[in-house]
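Student:
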Amino acid sequence: MDKFNSNKIKELRELNHITQKQLGDLLGISDRAVSKWESGLSKPSGENLISLARIFNVHVESFFEISNDIKTRRDNVVGGMESLTELYKIGRGPSSSHTIGPEKACLIFKKRNKDADRYKAILYGSLAKTGKGHCTDEVIRKTFFPYECEVEFNYIFEDIPHPNTMELISYKKNVEQERVKVFSIGGGSIAFENDDVRMPEKIYKLDRFSSIAKYCEEKNIRLWQYAIENEGKDFSDYMQSIWDAMKISIKNGLMDAGELPGGLGVQKKAKSLFNSQHVDETPVTKENRKVCAYAFAVGEQNASGEKIVTAPTCGAAGIVPAVLYYQQEKNDFSDESIVRALMTAGIIGNLIKTNASISGAECGCQAEVGSACAMAAAALGELFDLSIDKIEYAAEIAIEHHLGLTCDPICGLVQIPCIERNAVAAMRAINAVNLASFLWNTRKISLDKVIQTMKETGYDMHKSYKETSEAGLARIYINK
Ligand code: SF4
Numbered sequence: 002m003d004k005f006n007s008n009k010i011k012e013l014r015e016l017n018h019i020t021q022k023q024l025g026d027l028l029g030i031s032d033r034a035v036s037k038w039e040s041g042l043s044k045p046s047g048e049n050l051i052s053l054a055r056i057f058n059v060h061v062e063s064f065f066e067i068s069n070d071i072k073t074r075r076d077n078v079v080g081g082m083e084s085l086t087e088l089y090k091i092g093r094g095p096s097s098s099h100t101i102g103p104e105k106a107c108l109i110f111k112k113r114n115k116d117a118d119r120y121k122a123i124l125y126g127s128l129a130k131t132g133k134g135h136c137t138d139e140v141i142r143k144t145f146f147p148y149e150c151e152v153e154f155n156y157i158f159e160d161i162p163h164p165n166t167m168e169l170i171s172y173k174k175n176v177e178q179e180r181v182k183v184f185s186i187g188g189g190s191i192a193f194e195n196d197d198v199r200m201p202e203k204i205y206k207l208d209r210f211s212s213i214a215k216y217c218e219e220k221n222i223r224l225w226q227y228a229i230e231n232e233g234k235d236f237s238d239y240m241q242s243i244w245d246a247m248k249i250s251i252k253n254g255l256m257d258a259g260e261l262p263g264g265l266g267v268q269k270k271a272k273s274l275f276n277s278q279h280v281d282e283t284p285v286t287k288e289n290r291k292v293c294a295y296a297f298a299v300g301e302q303n304a305s306g307e308k309i310v311t312a313p314t315c316g317a318a319g320i321v322p323a324v325l326y327y328q329q330e331k332n333d334f335s336d337e338s339i340v341r342a343l344m345t346a347g348i349i350g351n352l353i354k355t356n357a358s359i360s361g362a363e364c365g366c367q368a369e370v371g372s373a374c375a376m377a378a379a380a381l382g383e384l385f386d387l388s389i390d391k392i393e394y395a396a397e398i399a400i401e402h403h404l405g406l407t408c409d410p411i412c413g414l415v416q417i418p419c420i421e422r423n424a425v426a427a428m429r430a431i432n433a434v435n436l437a438s439f440l441w442n443t444r445k446i447s448l449d450k451v452i453q454t455m456k457e458t459g460y461d462m463h464k465s466y467k468e469t470s471e472a473g474l475a476r477i478y479i480n481k
């Protein structure tokens with residue numbers, strides 16, 4: 002049997018400039034527990050190994066000493082990036098980690114427990130603390146329908162392997178059939194404990210912007226061509242379906258009115274924003290208003306539990322479609338051009354997902370809205386045929402000026418500050434690409450560096466600011 006390699010955790014932790022305390026916080030355990038693993042006094046559980054693999058972007062098997070021939074084979078899958086189909090997903094809002102992920106987990110669990118006549122789900126960590134606002138319980142019950150499913154919110158138990166942990170249990174005639182922990186690891190992706198520890202295949206070999214840019218330069222190709230090279234020729238069709246779904250959510254959102262669900266009393270504003278006029282309407286204010294209306298449209302569809310595309314998450318789903326929809330309308334860009342821009346944006350989103358995080362529960366809103374803003378800036382750069390250097394700078398600016406942004410949704414609902422924040426970030430993406438097109442040759446910070454900075458900032462952020470609704474606007478609002 003493969004032997005656990007206690008040095009590996011220390012090695013990866015130091016390589017990623019993370020302290021034992023930061024790693025412990027991320028895993029919801031003490032720094033003493035991390036210290037014990039590193040000194041070989043204890044071993045992480047299977048669930049913690051999954052989380053460690055995710056945090057360090059390595060395969061779970063990297064933590065074991067394995068024979069040389071197997072090692073050579075496995076080394077090929079360590080590093081690299083997953084398919085963009087793991088990033089762009091069509092699903093129901095309002096949260097990729099709180100609705101799309103749990104829905105997927107329940108579907109799999111229901112399928113493999115066909116004989117069960119009753120289910121139970123226990124939610125822990127961020128899933129418990131903001132699950133009500135995110136409608137996690139509703140989605141779970143709907144997924145198990147017509148069977149009964151009790152949903153329990155466990156706000157107390159904190160020794161969990163991942164901030165978004167749930168336990169699923171099936172019963173037949175009141176006898177327990179199966180009990181399993183599942184982790185909603187961001188962007189709608191999930192991992193089951195024990196039997197499903199394998200991450201999706203890493204189909205991209207390169208996982209740093211610098212190496213991808215160098216490769217593209219040598220082969221004289223654009224970033225979207227690099228995506229097709231790795232994803233295969235059918236990828237354009239998949240991305241067209243993503244763009245179609247984005248357009249539908251904007252159109253539906255612009256027709257909708259009334260109050261958003263959840264009890265906060267937030268009115269849908271996309272339609273009125275789209276139909277209003279500024280007292281001093283200039284081409285610039287008109288552009289801002291329309292782009293914002295499109296971002297609101299998607300944000301409101303998401304908050305209503307309608308279908309949207311994770312770009313890269315549900316909470317930040319309005320930014321990329323808003324800027325692209327406006328450009329298609331204004332400059333008559335073909336769907337083919339938009340799809341290429343989406344692929345370029347996807348490479349940026351994938352780099353952030355791989356080397357930092359796109360999860361608000363892991364790194365705050367900088368990881369969601371900041372990442373989406375960078376993706377939108379890169380997409381615009383592609384549409385405007387900017388050089389890869391300029392695209393990099395645009396994406397870098399977009400992230401840099403979201404560093405430290407906390408996640409504090411009021412009442413756990415993806416409404417305030419989320420929807421308006423999508424609109425502001427869409428405008429910021431336009432500014433970032435404009436600035437980059439003028440100043441690109443003066444920059445000092447690379448995209449890879451700012452991604453690393455975002456990760457470290459997110460790990461240092463107090464956990465109450467990471468999708469728990471325990472601090473920031475969420476706390477002030479409740480105590481007003
Ligand atoms: S504050 Fe940001 S990260 Fe948090 S739920 Fe809203 S959009 Fe997502």
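Going by my numbering, the sequence shown opens with residue 2, and the numbers climb by one from there.
Built from N, CA and C at the ideal position, the CB exists for glycine as well.
(1) Enumerate, from N- to C-terminal direction, the unbroken alpha helix (DSSP H) stretches of 4 or more residues contained entirely within the stretch 384-419.
(2) Between the C-alpha atoms of residue 146 and residue 300, what's the straight-line distance to the nearest angstrom?
(3) Starting from residue 341, follow the alpha helix (DSSP H) in both directions and report where the run begins and ends.
(4) Determine the closest residue to residue 274 out of 105, 288 and 122, with distance taken between C-alpha atoms.
(5) What residue range is occupied by the uninterrupted alpha helix (DSSP H) comprising residue 9?
(6) Would you mind sorting residue 284 into buried or exposed? The rule is 16 or more other CB atoms within 10 Å of its CB.
(7) Measuring alpha carbon to alpha carbon, tell me which of 181, 415, 174 and 224 ends up nearest residue 166.
(8) Quick one: residues in its chain with C-beta nearer than 6 Å to the C-beta of residue 423, no 5 flanking neighbours on either side, listed in chain order?
(9) Using DSSP's beta-bridge definition, name the partner residues of residue 246.
(10) Please return the same chain residues whose Cβ sits closer than 7 Å to the Cβ of residue 36, not counting the five positions on each side in sequence.
(11) Reducing DSSP to helix, strand and coil, say where residue 261 ends up.
(12) What does the alpha-carbon distance come out to for the pair residue 304 and residue 262?
(13) When you compare only the Cα positions, how much space is there between residue 280 and residue 366?
(14) From residue 75 to residue 64, what does the alpha carbon distance come to, in whole angstroms?
(15) Between the beta-carbon of residue 153 and the beta-carbon of residue 121, is there less than 9 Å?
(16) Once DSSP output is grouped into helix, strand and coil, what is the label at residue 122?
(17) Could you compute how far the alpha carbon of residue 213 sits from the alpha carbon of residue 349?
(18) Does residue 277 come out as helix, strand or coil in the three-state DSSP assignment?
(19) Assign residue 358 to buried or exposed, taking buried as 16 or more other Cβ atoms, counted over all protein chains shown, within 10 Å of its Cβ.
(20) Could you give the distance in angstroms between the alpha-carbon of residue 395 and the alpha-carbon of residue 378?
(21) Quick check on residue 69: buried or exposed, where buried means 16 or more other Cβ atoms within 10 Å of its Cβ?
(22) Report the residue from 479, 54, 189 and 33 whose alpha carbon sits nearest the alpha carbon of residue 104.
(23) In three-state DSSP terms, what is residue 1?
(24) Quick one: using the 10 Å Cβ neighbour count with 16 as the cut-off for buried, is residue 112 buried or exposed?
(25) Look at the alpha carbon of residue 204 and the alpha carbon of residue 412, and state the distance between them as a whole number of angstroms.
(26) Do you know offhand how far residue 354's Cα is from residue 186's?
(27) Just to confirm my understanding: we take residue 73, look at its own chain, exclude 5 residues before and 5 after, and list those with CB closer than 6 Å. What are they?
(28) Report yes if the C-beta of residue 421 is less than 8 Å from at least one heavy atom of ligand 1; otherwise report no.
(29) With a cut-off of 8 Å on the beta carbons, I'd call residue 345 and residue 440 a contact; round off their distance for me.
(30) Note down, in chain order, each residue of its chain lying with its Cβ closer than 8 Å to the Cβ of residue 463, except the 5 sequence neighbours on either side.
(31) Relative to ligand 1, is the shortest distance from any of its heavy atoms to the C-beta of residue 314 smaller than 8 Å?
(32) Out of 106, 6, 95 and 8, which one is the CA nearest neighbour of residue 315?
(33) Go ahead and pull the three-state DSSP assignment for residue 289.
(34) Could you check where the alpha helix (DSSP H) with residue 151 kicks off and where it finishes?
(35) Three or more C-beta pairs closer than 8 Å, one from the stretch 23-33 and one from the stretch 156-170: is that the case here?
(36) Closest Cβ-Cβ distance between residue 209 and chain D: below 9 Å?
Tutor: The relevant details are as follows:
(1) Within the stretch 384-419, the complete alpha helix (DSSP H) runs of at least 4 residues are 389-401.
(2) Whole-angstrom Cα-Cα distance: 27 Å.
(3) Start and end: 336-356.
(4) Out of 105, 288 and 122, 288 has the C-alpha closest to the C-alpha of residue 274.
(5) For residue 9, the enclosing alpha helix (DSSP H) stretches over residues 7-16.
(6) With fewer than 16 Cβ atoms within 10 Å of its Cβ, residue 284 is classed as exposed.
(7) With distances taken between CA atoms, residue 166 lies nearest to 181 out of 181, 415, 174 and 224.
(8) Within its own chain, the residues whose Cβ lies closer than 6 Å to the Cβ of residue 423, once the five positions on either side in sequence are excluded, are 296, 300, 319 and 320, listed in chain order.
(9) According to DSSP, residue 246 bridges with nothing at all.
(10) Excluding positions up to five away in sequence, the list reads 21.
(11) In the structure shown, residue 261 falls within a coil segment according to DSSP collapsed to helix, strand and coil.
(12) If you draw a straight line from the Cα of residue 304 to the Cα of residue 262, it is about 8 Å long.
(13) Taking the Cα positions, residue 280 is about 33 Å away from residue 366.
(14) In this prediction, residue 75 scores a pLDDT of 37, lower than 50, which makes its location untrustworthy; the coordinate-derived value is nonetheless stated afterwards. The alpha-carbon atoms of residue 75 and residue 64 are separated by roughly 12 Å.
(15) Cβ distance < 9 Å, so residue 153 and residue 121 count as in contact.
(16) In the three-state DSSP reduction, residue 122 falls in the strand class (E or B).
(17) Rounded to whole angstroms, residue 213 to residue 349 spans 11 Å at the Cα level.
(18) In the structure shown, residue 277 sits in coil (DSSP, three-state: anything other than H, G, I, E or B).
(19) Residue 358 is buried by the Cβ-count criterion.
(20) The alpha-carbon atoms of residue 395 and residue 378 are separated by roughly 6 Å.
(21) Since pLDDT at residue 69 reaches only 46, below the 50 mark, its modelled position is unreliable, and no value is offered.
(22) Distance check between residue 104 and each of 479, 54, 189 and 33 places 189 closest, using alpha-carbon atoms only.
(23) Nothing can be reported for residue 1, as the shown portion of the chain is limited to 2 through 481.
(24) Exposed, since its Cβ has fewer than 16 Cβ neighbours within 10 Å.
(25) One C-alpha to the other measures close to 39 Å.
(26) Answer to the nearest angstrom: the Cα atoms are 11 Å apart.
(27) Any reading at residue 73 needs caution, since the residue's pLDDT is 39, under 50, leaving its predicted position unreliable; the model's value is listed next. Around residue 73: no qualifying Cβ.
(28) No, ligand 1 has no heavy atom inside 8 Å of this Cβ.
(29) With 8 Å as the limit, residue 345 and residue 440 do not qualify as a contact, their Cβ atoms being about 20 Å apart.
(30) Excluding sequence neighbours, residue 463 sits near 472.
(31) Yes - ligand 1 has a heavy atom lying nearer than 8 Å to the Cβ of residue 314.
(32) Checked all of 106, 6, 95 and 8; the closest Cα to residue 315 is 95.
(33) DSSP places residue 289 in helix when its eight states are reduced to three.
(34) According to the DSSP assignment, residue 151 belongs to no alpha helix (DSSP H) but to the beta strand (DSSP E) extending over 149-154.
(35) Contact between the stretch 23-33 and the stretch 156-170 is present, because at least three Cβ pairs lie under 8 Å.
(36) In the structure shown, chain D does not exist; there is a single protein chain.
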